[in-house]
Amino acid sequence: MLPNRHSPSANSPYSQYSDEGSPPGSASGHTHANMSTGSTAHLSHHQRAPVSQNYNTFPASQFATYPSSPASSSGSGGHTYTDSPHFTSSLAAFHEDIKPMFAGGNYGQIPGTSAETLQLRQQVTELQAMVTQLQAERGQLYRELSAVGAPAHPAFMQPMFHQDWHRRTEARKKLICASNRAGNTLCAWHDSRRERRAYPPRMAPNGMLNCGCSEEEALFEESLARNGVGSYRPAGDQVRMDPGLRKPLLDLLKRRYGYKDGDFEIDVTSGTWRDEEDGNAWENRLRTSRRP
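This is how it looks when you write it as structure tokens:
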């Protein structure tokens, strides 16, 4: 049956299709009058209804019918979906909300992602600080372990040994840094030279000599001399070291190995003093005023 071109239903967007193109088993007896009342016929999978040019909005008078859908109450054989004004406005608002996020290809400003990135960066900074601290502690441990004055032998950990070490050092200071007849305390290097003294007789500060050297430097020079280390050897006397070399060497050994007076006279394998090097031996020398 041919459609009536002059009927009001001819204005329907489906009026250009006839029942002849209906798929087998479909209701071929539907007329355009029935379509105008709200029901629609099944369309062939080769045929499609005209689509509006505006893809974002759909007129409320148009319908989308899906043949595989369950039958609606109108008896058209398909489920009818219509546009909701609320849905259309919500979709437009969503587009406006996300548009600034991707403006200029800036995908890193999505809410949530930036906060997570800042948290990760903070964790990385904290880990780097921990690594730096651990490296500093490791360096300190290496310096302590490599210090000559702190061997790992159990005898060095005994309080009695450290007390004997202290008595030895004090006896050496009183013997080696004793005043001469003029009231000056001098190191071995300056004792043999006529140089201007840094301090007047008997006016040197505590821990210092009149020549300007420290008591620690004088003990260091004497210990080096008994081990044959120095920069000058007078005829018939022990070797001596120029203060310009002695002081930097002492500072280096203290900073790198924790040196203190007596380290060169300790047997690190047994944890004891060498012969005649303990505190009692030096106190006996002090009583007899006899240098080694």
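Under the working numbering, residue 284 is the last one in the sequence shown; the count climbs by one each step, no gaps. We put the beta carbon where it would ideally sit given N, CA and C, even for glycine. Remember, predicted model here, so these are calculated numbers, not experimental data.
List the DSSP bridge partners of residue i.
i, result
"residue 206", "200"
"residue 264", "259"
"residue 186", "The partner list for residue 186 (beta bridge, DSSP) is empty, contrary to what the question assumes."
"residue 224", "232"
Look at residue i and residue j and say whether their C-beta atoms are less than 9 Å apart.
i, j, result
"residue 265", "residue 167", "no"
"residue 179", "residue 235", "yes"
"residue 232", "residue 220", "no"
"residue 189", "residue 198", "no"
"residue 215", "residue 187", "no"
"residue 194", "residue 171", "yes"
"residue 136", "residue 250", "yes"
"residue 268", "residue 238", "no"
Does any C-beta atom of chain C lie closer than 9 Å to the C-beta of residue i?
i, result
"residue 123", "Although the question refers to chain C, the structure presented lacks it and comprises just one protein chain."
Exposed or buried, what is residue i when buried is set at 16 or more other beta-carbons lying within 10 Å of its beta-carbon?
i, result
"residue 270", "buried"
"residue 154", "exposed"
"residue 182", "buried"
"residue 60", "With a pLDDT of only 44 at residue 60, under the threshold of 50, the placement of this residue in the model should not be trusted, and no figure is reported."
"residue 247", "exposed"
"residue 164", "buried"
"residue 58", "Bear in mind that a pLDDT of 45 at residue 58, under 50, signals an unreliable position, so the model cannot answer this."
"residue 69", "In this predicted model, residue 69 has a pLDDT of only 46, less than 50, meaning its place in the structure is not dependable; the value taken from the coordinates is given anyway. Residue 69 is buried by the Cβ-count criterion."
"residue 242", "buried"
"residue 29", "Its pLDDT being 44, under 50, residue 29 is placed unreliably in this model, and the coordinates cannot settle the point."
"residue 128", "exposed"
"residue 196", "buried"
"residue 366", "The shown model of the chain, from -7 to 284, leaves out residue 366, and the question about it has no answer."
"residue 207", "buried"
What are the boundary residues of the alpha helix (DSSP H) that residue i is part of?
i, result
"residue 183", "180 to 183"
"residue 272", "271 to 280"
"residue 164", "151 to 168"
"residue 239", "235 to 249"
By alpha-carbon positions, which one of the options ends up nearest to residue i?
i, options, result
"residue 161", "252, 279 and 111", "252"
"residue 254", "115, 206, 218 and 193", "218"
"residue 210", "156, 177 and 229", "177"
"residue 156", "125, 280, 272 and 279", "272"
"residue 277", "159, 109, 115 and 133", "159"
"residue 205", "224, 240 and 174", "240"
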